[in-house]
Amino acid sequence: MAERVQQPPAKRLCCRPGYSTTCRQGQRAGGTVCGGSGSGQGGSSKTQSPESLLDIAARKVAEKWPFQRVEERFERIPEPVQRRIVYWSFPRSEREICMYSSFNTGGEESATSGENVDETRLPFRRGIALLESGCVDNVLQVGFHLSGTVTEPATTSEPEMVCSVAISFDRCKITSVTCGCGNKDIFYCAHVVALSLYRVRRPEQVKLHLPISETLFQMNRDQLQKFVQYLITVHHTEVLPTAQKLADEILSQNSEINQVHGAPDPTAGASVDDENCWHLDEEQVQEQVKLFLSQGGYHGSGKQLNLLFSKVREMLKMRDSNGARMLTLITEQFMADPRLALWRQQGTTMTDKYRQLWDELGALWMCIVLNPHCKPEQKAAWLRQLKKWNSVDVCPLEDGNHGNELPNLTNALPQGAHGNQDSGTRPHRTVFTRAIEACDLHWQDSHLQHIINDDLYTNYCYHDNTENSLFDSRGWLLWHEHVPTACARVDALRSHGYPREALRLAIAIVNTLRRQQQKQLELFRNHKKDLLHKGVTSITNLEGWVGHPLDPIGTLFSTLMETGRGDEDSSQGGFLDFSASTMSSSKHSELHLFPSTRRFLEEGESYLALAVETALMGLGQQRIMPDGLYAQEKVCRNEEHLIAKLQEVDLDDTLVKIFRKQAVFLLEGGPYSGLGELIYRESVPMHTFAKYLFTCLLPHDAELAYKIALRAMRLPVLESTAPSGDMSRPHHIVSVVPNRYPRWFTLSHIESQQCELASTMLTAAKGDARRLETVLESIQKNIHSSSHIFKLAQDAFKIATLMDSLPDITLLKVSLELGLQVMRMTLSTLNWRRREMVRWLVTCATEVGVYALDSIMQSWFTLFTPTEATSIVATTVMSNSTIVRLHLDCHQQENLASSARTLALQCAMKDPQNCALSALTLCEKDHIAFETAYQIVLDAATTGMSYTQLFTIARYMEHRGYPMRAYKLATLAMAHLNLSYNQDTHPAINDVLWACALSHSLGKNELAAIIPLVVKSVKCATVLSDILRRCTLTTPGMVALHSRRNSGKLMSLDKAPLRQLLDATIGAYINTTHSRLTHISPRHYSEFIEFLSKARETFLMAHDGHIQFTQFIDNLKQIYKGKKKLMMLVRERFG
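Note that UniProt numbering has the sequence shown beginning at 1, numbered continuously upward.
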């Protein structure tokens, strides 16, 4: 807290009209300790005597009356009475002091903030430590002002520090604090805490004086002069200028100070006009919130802001007016956040964490305006402020959107006053809209007062056929109001410290919900045949309770759960009196001692059971998926949060009965239930909730558990056509939407939850063939994502093949069936996991058995591409590891190999480019199949296969000992090849060199046959010269074929076929030279000269090569004589 060093001026002026100075002259201004003479039997007395009437009266006056009113009411107040009023005016409870010096009452930040906070460093804990170590000294109470010094012990890094502390108080509240430590924080420093607790715990050790003005009244002129002069002498350096200034003004007849009756007294207590509230440093609240917001969620700022919100709730619970004051300061800083305008300008959304802070802000304002004991003028002021914030352009919207999104074309709400408005015409609701609307609510309804204050009506009239009956058949009170609004009342009561009243209203709401659920079930049963025949459904709740901004189900659940555990604090005052302007402050009894509220429970029913049932009703409600990313994420988040709370509850027989009852309601509830037979196409899915129900019910009622889970598996929003339950859907909207997906931003999360539900059922159904078959059918019908089905297949495989048990063949078959479905779904679509899926399927089929492998090979064309079938499936099936794994005999091996070869040939026919080589490999051991595969290659060579594929197969043939077939394929490949003059690094060069080497090794005839193909296909001079050089180094036909003997003579360059190759090479050099000279730059001159040197080597291989080269160089000199420098280099090298 920014604790000011100078005491603020007193708010009121003290004087004594008609005061008789004669009766005071000469009396000594003395003082007594707080518990000294005249104290009577006060709170500090250790005797067992009854409290005196003086103390009782003084305490009541000190709590409620400003001291100025006491002075005005009585002409003369006896000094003992003044002392007791001053004594009792200081706070007597440490709880408020703790609240203003730590984030949570009792300093329990570490338990709530999730951080490892050293509690000893918190101001409240440090203040206690300073007090208990004797660091508080010189404590003096003068009227309504407490002062003292607190010594901060020396540390290794800091010297000892003595802090002067001053505290003003009024009506049991600390109204201002100052400390010399200079601490700047929202909360009181440890020194203020230490001095305050000293006064609370040791009042008998505090010297108490009347207000200084009273003491001055007792002095005569000489005493007053002596007093002033001594004061100036002791503090002359500080007060002398001020003293002289005041003296001058007092001596001046026309000065302002002489126009005022009386003089200020900082110790005289509050004036009638002063607001009675605890000291809160508004500037520091604003600075801290601004700092936290500027950090953008880093350094734990989000947690700090949440702790501030918790502090507001704590203040509200203590009925401290600073709660609303502090929230106003926080809200102003939130509204001033510069990021709001930036996000609006850029059209981007705020972060999720920041968005949740705004939600909490709106919820807190809802609590404040619903304060049942606020005054009309207070509510009017809040309403003006809320409307002001609401009108600002950058005020965040309730659903988290900025209104710049396209309207949700699939949002087909029932037509009507509030139905089917697109986001362009629908009024934008800000985070403050609900609080503004709540300002119109009141608490004067007589039935509402009966619910909160009375146990039962003395006479009630129950009408079962009345929709909005005030009672149920048992005479229990019902409360018919918009459910989120009614629950907001409950939250407001809890927040303002009325837990019993909140509990009574919560029970009435839950009883109303239970009655409505029963009525809805009866209504659906009576019209079930007609509704099912028409296939009509509708959303009966346009606002879902789970994910709602006011969190109605969470509020009811928390209220009932806290009561069941006895968590609510019971220190605050009691029952509400709505007819009066103020609240009764009688002391609460413990919640578990609320006998009246238990009369609204079933026999043997508990608050815990009621809380669980409420959560189940809310989670099972059929509700439409809201618009916008944030609203949809909030639905998922709130559902998961509520289920997490339910999971903390241990199920007993009573709770299992409730689960069964609600499960039946959900299954038979028709359009009112998210698990009914008819659901709206865009209803919020029930997968997460159903998984929880399934897990809870499975040990107790497996049949019901599976019914729930299987019913919840559906996801109609992904169906390509609306199911029968969606006939009410406007057809023109369906035609507008270009695809089947609505604007469901959380769809991937929803599908993953659907997958989790299916996986849970698969795990539970292990060993039960009937259940597994049912679950498999549900998966195949309802899950539309191949990746999720693949995950389920993998899950089933893992469960079926656990190491500690024999494989579950039924579950393995389910796994295989799901895998086959994945193969069919992804066959014609791109999926980056496709190869992984194919490999896994083969593994799964191997585990199932040889018949499964044979089956997938027989029907390969519906599952795999030809490449996958040959390179992965058939290859894996034919591997030794598969044969060993399956323990196959020779006959089984041959049958499997035959299927693999058949598959390979079929694939080669369908896709020879990619499958021919694999087919040849797979068919090596079967002559007929191998020849068939080879013929397929030959047939495809002239049409569909590239030279690269043909060269690859040709090399394979050579490797397998078929050089003539390799030669044949090489010649076919050469026919597809075309190497231009500048492609001297083309990857096919090695294949061309290999083909020529193969031909050369086979003989002169083969070489003579391939050289024309080379000449036709290759225009690159360096490649041709390389081939030419290689052909002249060795004799052709080094590999004997058909027992022919090689002559051992080198081939002549003057005769065919090498003459043709030589001429082509020379021609290529000439053409390449002219091409390069067309765009040559000086930096390439030296490289060009080297190129000509290689060309000369080739020219010289001909018998007249020297002459040809000379003529070639002369021609270059003549044609390119303009390139003088280059031609000079040519002459230097070649003459």
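Idealized CB from N, CA, C, for every residue including glycine.
All values reported here derive from a predicted model rather than from experimental measurement.
Would you mind stating whether Thr433 and Ala502 have Cβ atoms separated by less than 7 Å?
-> Start at 1 with the first residue of the sequence shown, and residue 433 comes out as number 433. Start at 1 with the first residue of the sequence shown, and residue 502 comes out as number 502. Result no, Cβ atoms of Thr433 and Ala502 do not sit closer than 7 Å.
Residues near His236 in its chain [Cβ-Cβ closer than 7 Å; skip 5 each side] | To locate residue 236, count along the sequence shown from 1; it is residue 236. Same-chain partners within the cutoff: there are none.
Under a Cβ-count criterion, where at least 16 other Cβ atoms within 10 Å of its own Cβ denotes burial, should Ile368 be classed as buried or exposed?
-> For the purposes of this step, residue 368 is identified with residue 368 of the sequence shown, where counting begins at 1. Under this definition Ile368 is a buried residue.
For the beta strand (DSSP E) containing Phe169, list its first residue and its last residue.
-> Within the sequence shown, the letter at position 169 stands for residue 169. It spans Met161 to Asp170 - the beta strand (DSSP E) in which Phe169 sits, taken as one unbroken run.
Would Ser815 pass as a contact of Ser871 if the rule is Cβ separation under 7 Å?
-> Along the sequence shown, read from residue 1 onward, the residue named residue 815 stands at position 815. Along the sequence shown, read from residue 1 onward, the residue named residue 871 stands at position 871. No, these two residues do not count as a Cβ contact at 7 Å.
Where Glu613 falls: helix, strand or coil (DSSP) = Numbered from its first residue, the sequence shown carries residue 613 at position 613. The answer is helix: DSSP assigns Glu613 an H, G or I state.
Report yes if the C-beta distance between His976 and Tyr947 is below 7 Å; otherwise report no.
-> Mapped onto the sequence shown, residue 976 falls at position 976. Mapped onto the sequence shown, residue 947 falls at position 947. The beta carbons of His976 and Tyr947 sit closer together than 7 Å.
Start and end of the beta strand (DSSP E) containing Ile174?
-> In the sequence shown, the residue the question calls residue 174 occupies position 174. Unbroken beta strand (DSSP E) run through Ile174: Lys173 to Cys179.
Val656, DSSP secondary structure in three states | Indexing the sequence shown from 1 puts residue 656 at position 656. Three-state DSSP puts Val656 in a helix.
Runs of alpha helix (DSSP H) lying entirely within the segment 781 to 823, each at least 4 residues, in chain order | 786 to 800
CB-CB under 7 Å to Thr1072, same chain, minus the five flanking residues each way: which ones, in chain order?
-> Position 1072 of the sequence shown holds residue 1072. For Thr1072, where only same-chain residues beyond five positions count, the Cβ hits under 7 Å are Tyr981 and Ala1021.
The beta strand (DSSP E) enclosing Gly148, as first and last residue numbers | Position 148 of the sequence shown, counted from the first residue, corresponds to residue 148. Per DSSP, Gly148 belongs to the beta strand (DSSP E) from His145 to Glu152.
Short check: CB of Thr932 to CB of Ser1025, under 7 Å?
-> As a working mapping, residue 932 is identified with position 932 in the sequence shown. As a working mapping, residue 1025 is identified with position 1025 in the sequence shown. It is not a contact, given that the beta carbons lie outside the stated cut-off.
Return the first residue and the last residue of the alpha helix (DSSP H) that His1074 is part of.
-> Stepping through the sequence shown from its first residue, residue 1074 is reached at position 1074. Leu1058 to Thr1078 is the span of the alpha helix (DSSP H), which, as asked, contains His1074.
Assigned secondary structure, Met1128 (DSSP; H/G/I helix, E/B strand, else coil) = As a first step, residue 1128 is located in the sequence shown; it is residue number 1128 there, counting from the start. Correct three-state label for Met1128: helix.
According to the Cβ coordinates, are Leu950 and Ala973 closer than 7 Å?
-> Counting from one through the sequence shown, the residue named residue 950 turns up at place 950. Counting from one through the sequence shown, the residue named residue 973 turns up at place 973. Taking 7 Å as the Cβ cut-off, Leu950 and Ala973 qualify as a contacting pair.
Who pairs with Gln621 in a beta bridge, going by DSSP?
-> Taking the first residue of the sequence shown as position 1, residue 621 is located at position 621. Beta-bridge pairing links Gln621 to Ser673.
Spatial neighbours of Thr867 in its chain, beta-carbon cut-off 7 Å, leaving aside the 5 residues before and after = For the purposes of this step, residue 867 is identified with residue 867 of the sequence shown, where counting begins at 1. Counting only Cβ-Cβ distances below 7 Å, and skipping sequence neighbours, we find Asp911, Asn914 and Cys915.
Through-space distance from Cys1031 to Leu938, alpha-carbon basis | On the sequence shown, residue 938 is found 938 positions in, with the first residue counted as 1. On the sequence shown, residue 1031 is found 1031 positions in, with the first residue counted as 1. Rounded to the nearest angstrom, the two C-alpha atoms are 28 Å apart.
Output the boundary residues of the beta strand (DSSP E) element that contains Leu678.
-> Looking up residue 678 in the sequence shown gives position 678. No beta strand (DSSP E) holds Leu678; DSSP gives it neither H nor E.
Output yes if chain D places a C-beta closer than 7 Å to the C-beta of Thr348; else output no.
-> You won't find chain D in this structure, because it holds only one protein chain.
Say whether the segment 660 to 675 touches the segment 775 to 793, bearing in mind that this needs 3 or more beta-carbon pairs closer than 8 Å, one atom from each stretch.
-> no
Applying the criterion that 16 or more other CB atoms from any shown protein chain within 10 Å of the CB defines a buried residue, is Ala247 buried or exposed?
-> Translated into positions along the sequence shown, residue 247 becomes position 247. Burial call: exposed.
When the Cβ atoms of the segment 649 to 659 are set against those of the segment 753 to 771, are three or more pairs found closer than 8 Å?
-> no
Roughly how many angstroms separate the alpha carbons of Ala29 and Arg83, rounded to a whole number?
-> Along the sequence shown, read from residue 1 onward, the residue named residue 29 stands at position 29. Along the sequence shown, read from residue 1 onward, the residue named residue 83 stands at position 83. Residue placement at Ala29 is flagged as unreliable, the pLDDT there being 36, under the threshold of 50; the coordinate-derived value follows with that caveat. When rounded, the distance between both Cα atoms is 14 Å.
Classification of Gln333 by the beta-carbon crowding that lies within 10 angstroms, buried from 16 upward | Position 333 of the sequence shown holds residue 333. The residue in question, Gln333, is buried, as its Cβ has 16 or more Cβ neighbours within 10 Å.
Every unbroken alpha helix (DSSP H) inside the segment 178 to 253 [4 residues or more] = 190 to 201, 212 to 217, 221 to 234 and 236 to 251
For Leu710, collect the residues of the same chain with a Cβ closer than 6 Å to its Cβ; drop the 5 residues on either side in sequence, then sort them by chain order.
-> Position 710 of the sequence shown holds residue 710. Leaving aside the five residues that flank Leu710 on each side, the residues in its chain whose CB is nearer than 6 Å to its CB run, in chain order, Ser778.
CA-CA distance, Gln632 and Arg743?
-> Here the question's residue 632 lines up with position 632 in the sequence shown. Here the question's residue 743 lines up with position 743 in the sequence shown. For Gln632 and Arg743, the distance between alpha carbons rounds to 10 Å.
State the CB to CB distance for the pair Leu818 and Ile789, rounded to an integer number of angstroms; the pair is presumed to be in contact (CB under 8 Å).
-> Taking the sequence shown and counting its residues from 1, the one referred to as residue 818 is at position 818. Taking the sequence shown and counting its residues from 1, the one referred to as residue 789 is at position 789. Indeed, because the Cβ distance is near 5 Å, the residues count as touching under 8 Å.
Could you check the C-alpha separation between Asn371 and Ala488 for me, to the nearest Å?
-> The sequence position of residue 371 within the sequence shown is 371, counting from 1. The sequence position of residue 488 within the sequence shown is 488, counting from 1. When rounded, the distance between both Cα atoms is 11 Å.
For His279 and Thr175, believed in contact at Cβ under 8 Å, the rounded distance = Numbered from 1 along the sequence shown, position 175 holds the residue referred to as residue 175. Numbered from 1 along the sequence shown, position 279 holds the residue referred to as residue 279. Contact holds; Cβ gap of about 6 Å.
Coil, strand or helix - Val272 by DSSP | The residue given as residue 272 occupies position 272 in the sequence shown. Looking at Val272 - three-state DSSP - the assignment turns out to be coil, as it is neither helix nor strand.
To the nearest angstrom, report how far apart Ala1009 and Met957 are at their CA atoms.
-> Working through the sequence shown from its first residue, we reach residue 1009 at position 1009. Working through the sequence shown from its first residue, we reach residue 957 at position 957. So the two alpha carbons sit approximately 19 Å from each other.
Thinking C-beta only, is Arg504 closer than 7 Å to Ile452?
-> Walking along the sequence shown from the start, residue 452 turns up at place 452. Walking along the sequence shown from the start, residue 504 turns up at place 504. Closer than 7 Å, so yes.
Roughly how many whole angstroms lie between the Cα atoms of Asp627 and His447?
-> Along the sequence shown, one-based indexing puts residue 627 at 627. Along the sequence shown, one-based indexing puts residue 447 at 447. Cα to Cα, Asp627 sits roughly 37 Å from His447.
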